[in-house]
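Novice:
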Amino acid sequence: MRFLLGRTDALGDVVISLPVMERILSRMPGAEVHWLVRPYAAPLLQGLPGVHLREDGTDLVALLRAVAPDAVLNLGHRDTAVITAAKAAGVPVRVARCRGRQILDATHLLWRGRNGTGRHEAQNVLDFLRPWGWDGGLPPPPRIRLGPEERERGRAEFAALPRPLLGIATRSSGSSAFPSEAWWARALPVLSAGGWHPVILAPPEDSPLDPTDLRGLLGRIAACDAFLGPSTGPTQLAAALDVPVLALMGLSSNRGPSRWTPLGRRVQVLQYPGPEADLQGGMDRLDPAALLPHLARLREPA
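Heads up, the sequence shown is in my numbering, so the first residue is 1 and it goes up one at a time.
#1: So, at 8 Å on beta carbons, what are the nonlocal neighbours of HIS52 in its own chain, with the 5 sequence-adjacent residues on each side left out?
#2: Taking contact to mean at least 3 C-beta pairs separated by less than 8 Å, is the segment 167-181 in contact with the segment 246-259?
#3: Find the nearest neighbour of ASP105 within the set GLN46, VAL82, ARG186 and ASN124, judged by alpha-carbon distance.
#4: When you compare the CB positions of PRO230 and LEU201, do they come within less than 8 Å of one another, or not?
#5: If you drop the 5 nearest sequence neighbours on each side, which residues of the same chain put their C-beta closer than 7 Å to that of ILE103?
#6: Taking only runs of the beta strand (DSSP E) that begin and end inside the segment 137-181, which ones reach a length of at least 3 residues, in chain order?
#7: Quick one: what's LEU109 bridged to in DSSP?
#8: Buried or exposed for MET283, going by 16 or more other Cβ atoms inside 10 Å?
#9: Is the CB-CB distance between CYS224 and GLY167 below 8 Å?
#10: For GLY274, I'd like the list of residues in its chain whose CB is within less than 7 Å of its CB, leaving aside the five on either flank, ordered along the chain.
#11: Quick test of the definition: if touching needs 3 or more C-beta pairs under 8 Å, does the segment 40-50 touch the segment 207-218?
#12: Applying the 10 Å Cβ sphere with the 16-neighbour rule, what's the burial state of LEU11?
#13: Please confirm if the segment 185-198 is in contact with the segment 254-273, defined as three or more CB-CB distances below 8 Å between the two stretches.
#14: With a Cβ-Cβ cutoff of 8 Å, do ARG171 and PRO288 count as a contact?
#15: Identify, in the order they occur along the chain, each residue of the same chain with its Cβ nearer than 7 Å to the Cβ of TRP196, setting aside the five sequence neighbours on each side.
#16: Measuring only the C-alpha atoms, how far is ARG119 from TRP111?
#17: Which whole-angstrom value is the C-beta distance of ALA89 and VAL61, which I expect to be below 8 Å?
#18: What number of angstroms, rounded off, separates the C-alpha of ALA156 from the C-alpha of ALA239?
#19: Have a look at PRO142, PRO244 and ALA169 and flag the residue whose alpha-carbon is nearest the alpha-carbon of VAL15.
#20: Less than 8 Å between the beta carbons of ALA222 and LEU298, yes or no?
#21: Exposed or buried, which one is GLY30 when buried takes at least 16 other CB atoms within 10 Å?
#22: With ASN74 as the anchor, note down where its beta strand (DSSP E) starts and where it stops.
#23: So GLU32 is in the beta strand (DSSP E); what residue range does that whole segment cover?
#24: Using alpha carbons as the reference points, say which of SER253, LEU241 and TYR272 lies closest to PRO262.
#25: Along the chain, where does the beta strand (DSSP E) containing LEU217 start, and where does it finish?
#26: Using three-state DSSP, classify SER46 as helix, strand or coil.
#27: Rank LYS87, LEU291, PRO139 and ILE24 by C-alpha distance to the C-alpha of GLY194 and give the top, closest one.
#28: How many Å lie between ASP278 and GLN271 at the Cα?
#29: Ignoring anything shorter than 4 residues, give me the alpha helix (DSSP H) runs that lie fully in the segment 234-282, in order along the chain.
The following block contains the structure:
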């Protein structure tokens, strides 16, 4: 059976959807799993057998007829055109959330809401497997695999830097809270005094390093001893690479830890103090010294 997973939104969303593929293959080892993603996310899935690009102007009907999936799961619910195209292409099983035109064009709809449920997004996307009875339970942490050469390039790039090396993402490109530039200016000396060597890896415009592609960023993250950042794609990438992570998160139930904590073997979470869920300035209420005990715990033997 051939599945196509549509995930045409952000990098972090693709990462938390990887367990859907693992769940399918754990139940049906002979299944083919294809992905439909934006070009910027495609390198994340390098090495998988079927990765298809959703670009502006893509003829989705022609693409889906060529791939000929038995089922399309539109995990990225905002891109409702995927399900409409799947219907036009004659895909037999079309699973979507009850949003927009999908209500008419899907064969199976998910009516359960995601906000305020206390469920992680990786659990929410497993709901798309309900038509086969494969939903529910706890997903395994997502895993991203790097080749030995990619890991070695990352290590070589940082060979002259002292350890322990702390990779940093300073802000999010989405709706999550993140500290201001002024807060980071206060925090970096505190991290250095605490024995860490901080290096900003993302976003590219904040990093002192030469520009690189997504696979190069993965190699840099993998070469770090720990990773620090708000709820954003690179923080999710670090956890999926099995790098110890300290995630800075807000108080909002829709953007907080219960729903968006990076899933990994070594993850610490620090929420900014209350009382209000202030996405604009809440992170700046954090005392940078509060990061150090969390980072120290990440250095303890697993």
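For every residue, glycine included, the Cβ atom is placed at its ideal position computed from N, Cα and C.
Being a predicted model, the structure only gives us computed values, none of them experimental.
Specialist: Walking through what the data contain:
#1: LEU4, HIS34, TRP35, LEU36, VAL37, LEU63 and VAL67
#2: yes
#3: VAL82
#4: no
#5: LEU109
#6: 165-169
#7: ALA96
#8: buried
#9: yes
#10: LEU251
#11: yes
#12: buried
#13: no
#14: no
#15: PRO164, LEU166 and LEU295
#16: 15 Å
#17: 5 Å
#18: 21 Å
#19: PRO142
#20: no
#21: exposed
#22: 71-74
#23: 32-37
#24: LEU241
#25: Looking at the DSSP string, LEU217 is not in any beta strand (DSSP E); the run it does join, the alpha helix (DSSP H), is 214-222.
#26: Just to set this straight, residue 46 is Gln in the shown sequence, not Ser. GLN46: coil per DSSP, three-state reduction.
#27: LEU291
#28: 12 Å
#29: 257-260
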